[in-house]
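Single-structure report; data block below.
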Amino acid sequence: MKKDKILGIPFYRFYYDKEKIQGVLDELLKLSWVPNTTNWIWDGVTEDGLGSSLHEVPAFADIFGWIQECLDEVADDMGMTCRLKINSSWAHLNQKGNSFYQHTHANTFVSSNYYASGLEQDKTVWLLPNPYFSLTNIYPCGSHPGSAGEDEYMNDYYRKYYLIHEEPTEPGKYIVFPSAIPHYAQANTSDADRVTIACDAFPNGLINQGYTSRLKVQVQ
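Going by the working numbering, the first residue of the sequence shown is number 4, and it counts up by one from there.
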């Protein structure tokens with residue numbers, strides 16, 4: 004495990020066995036995919052949310068067993084009184100030129116991403132509102148696009164009003180981060196598909212703060 008404070012917040016990085024990386028990618032490429040606005044998503048995801056369970060697919064038992072071990076390390080480092088258990092998982096495929104729009108993850112405690120393939124130059128970007136501006140509700144740096152295109156305008160806007168972290172795509176890397184931080188993925192510039200696994204986890208067991216503030220949670 005490698006722990007970095009990014010934007011002042013702990014992000015956790017782990018690296019899967021190099022000998023097993025290609026096998027995971029091969030299994031992911033066997034999945035069926037459906038359109039997802041700006042890329043493709045595993046067709047096992049259903050609108051009722053009951054199908055967001057890639058971790059229950061037998062072909063991925065080994066990688067998710069390892070991911071659970073990583074989450075155990077995260078819980079230990081945080082000093083949690085319970086465990087972190089996967090409550091949702093799925094996969095994305097980005098063809099050349101595909102990206103992933105800015106978003107957060109709801110109904111979870113931590114989120115994570117496993118990079119099965121892709122190029123280092125194509126990054127995942129996290130955006131933390133700059134407290135100089137967000138806490139004062141004063142925006143003195145301008146925000147109109149002027150003559151710039153929309154993409155240029157948004158990049159300029161983000162640079163001014165957000166603290167930004169860019170994470171390179173590295174096959175075999177698994178990163179755990181706070182679910183509420185907005186993030187997006189830059190366009191895939193490779194001729195090959197970029198494939199990732201997304202995984203959310205929630206406290207499981209007795210959440211105990213003090214003597215009377217207790218909550219027992221069982222993640223299904």
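We put the CB at the ideal spot given by N, CA and C, even for glycine. Note that the coordinates shown come from a computational prediction; the quantities given were computed from them, not determined experimentally.
**Asked** When the Cα atoms are used, what is the spatial distance from Ser-91 to Arg-162?
**Response** Taking the first residue of the sequence shown as 1, we reach residue 91 at position 88. Taking the first residue of the sequence shown as 1, we reach residue 162 at position 159. Cα to Cα, Ser-91 sits roughly 32 Å from Arg-162.
**Message:** Whole angstroms are fine: how far does the CA of His-106 sit from the CA of Ile-178?
**Reply:** Within the sequence shown, the letter at position 175 stands for residue 178. Within the sequence shown, the letter at position 103 stands for residue 106. If I take the Cα positions, the gap works out to 17 Å.
**Prompt:** So what does DSSP say about Ala-62, is it helix, strand or coil?
**Reply:** Translated into positions along the sequence shown, residue 62 becomes position 59. In this structure, Ala-62 counts as helix in the three-state DSSP scheme.
**Message:** I'd like to know if Asp-20 contacts chain B, where contact means its C-beta is closer than 9 Å to some C-beta of that chain.
**Reply:** In summary, chain B is missing from the structure at hand, where a single protein chain is found.
**Prompt:** Between which two residues does the alpha helix (DSSP H) containing Leu-31 stretch?
**Reply:** In the sequence shown, counting from the first residue as 1, residue 31 sits at position 28. Unbroken alpha helix (DSSP H) run through Leu-31: 24–32.
**Message:** Nearest by alpha-carbon distance to Ser-115: which of Lys-23, Ser-193, Lys-219 and Ile-184 is it?
**Reply:** What you label residue 115 is simply residue 112 of the sequence shown in a count that begins at 1. Per the Cα distances, Ile-184.
**Item:** Delimiting residues of the beta strand (DSSP E) encompassing Ser-114
**Value:** Start at 1 with the first residue of the sequence shown, and residue 114 comes out as number 111. Note, Ser-114: beta strand (DSSP E), 113–118.
**Message:** Using 9 Å as the threshold, is the C-beta distance between Gly-145 and Ser-193 below it?
**Reply:** Within the sequence shown, residue 145 is the residue found at index 142, counting from 1. Within the sequence shown, residue 193 is the residue found at index 190, counting from 1. Cβ distance not < 9 Å, so Gly-145 and Ser-193 don't count as in contact.
**Item:** Rounded separation between Val-27 and Ala-119 - CA only
**Value:** To locate residue 27, count along the sequence shown from 1; it is residue 24. To locate residue 119, count along the sequence shown from 1; it is residue 116. Cα-Cα distance, rounded: 7 Å.
**Prompt:** Is the stretch 207–214 in contact with the stretch 93–104, if contact means three or more CB pairs nearer than 8 Å?
**Reply:** no
**Request:** Note down, in chain order, each residue of its chain lying with its Cβ closer than 7 Å to the Cβ of Asp-173, except the 5 sequence neighbours on either side.
**Result:** Here the question's residue 173 lines up with position 170 in the sequence shown. Note on identity: in this sequence residue 173 is Glu, with Asp being the wrong assignment. Once the five neighbours on either side are set aside, the close Cβ partners of Glu-173 are Tyr-118 and Glu-123.
**Prompt:** What's the call for Pro-206, buried or exposed, on a 16-neighbour Cβ count within 10 Å?
**Reply:** Locating residue 206 in the sequence shown gives position 203, counting from the first residue. Buried, by the Cβ-count rule.
**Prompt:** Using the C-alpha atoms, what's the distance from Ser-216 back to Asn-42?
**Reply:** Numbered from 1 along the sequence shown, position 39 holds the residue referred to as residue 42. Numbered from 1 along the sequence shown, position 213 holds the residue referred to as residue 216. For Asn-42 and Ser-216, the distance between alpha carbons rounds to 43 Å.
**Asked** If you draw a straight line from the alpha carbon of Arg-16 to that of Leu-74, how long is it in whole angstroms?
**Response** The residue labelled residue 16 in the question sits at position 13 within the sequence shown. The residue labelled residue 74 in the question sits at position 71 within the sequence shown. Rounded to the nearest angstrom, the two C-alpha atoms are 11 Å apart.
**Message:** Cutting at 6 Å between CB atoms, please list the residues of its own chain near Lys-99, excluding the five before and the five after it.
**Reply:** Here the question's residue 99 lines up with position 96 in the sequence shown. Hits under 6 Å: Asn-191 and Asp-194.
**Asked** How would you call Asp-79, buried or exposed, if buried means at least 16 neighbouring beta carbons within 10 angstroms?
**Response** As a first step, residue 79 must be located in the sequence shown, where it is residue number 76. Looking at its Cβ environment, which holds fewer than 16 other Cβ atoms inside 10 Å, Asp-79 is exposed.
**Message:** I need the boundaries of the beta strand (DSSP E) containing Pro-171, first residue and last residue.
**Reply:** Translated into positions along the sequence shown, residue 171 becomes position 168. That run of the beta strand (DSSP E) goes 165–171.
**Message:** Whole angstroms are fine: how far does the CA of Lys-88 sit from the CA of Ser-150?
**Reply:** The sequence position of residue 150 within the sequence shown is 147, counting from 1. The sequence position of residue 88 within the sequence shown is 85, counting from 1. Its pLDDT being 49, under 50, Ser-150 is placed unreliably by the model, and nothing is read from it.
**Prompt:** Thinking C-beta only, is Val-60 closer than 9 Å to Ala-204?
**Reply:** Locating residue 204 in the sequence shown gives position 201, counting from the first residue. Locating residue 60 in the sequence shown gives position 57, counting from the first residue. No, they are not a contact pair.
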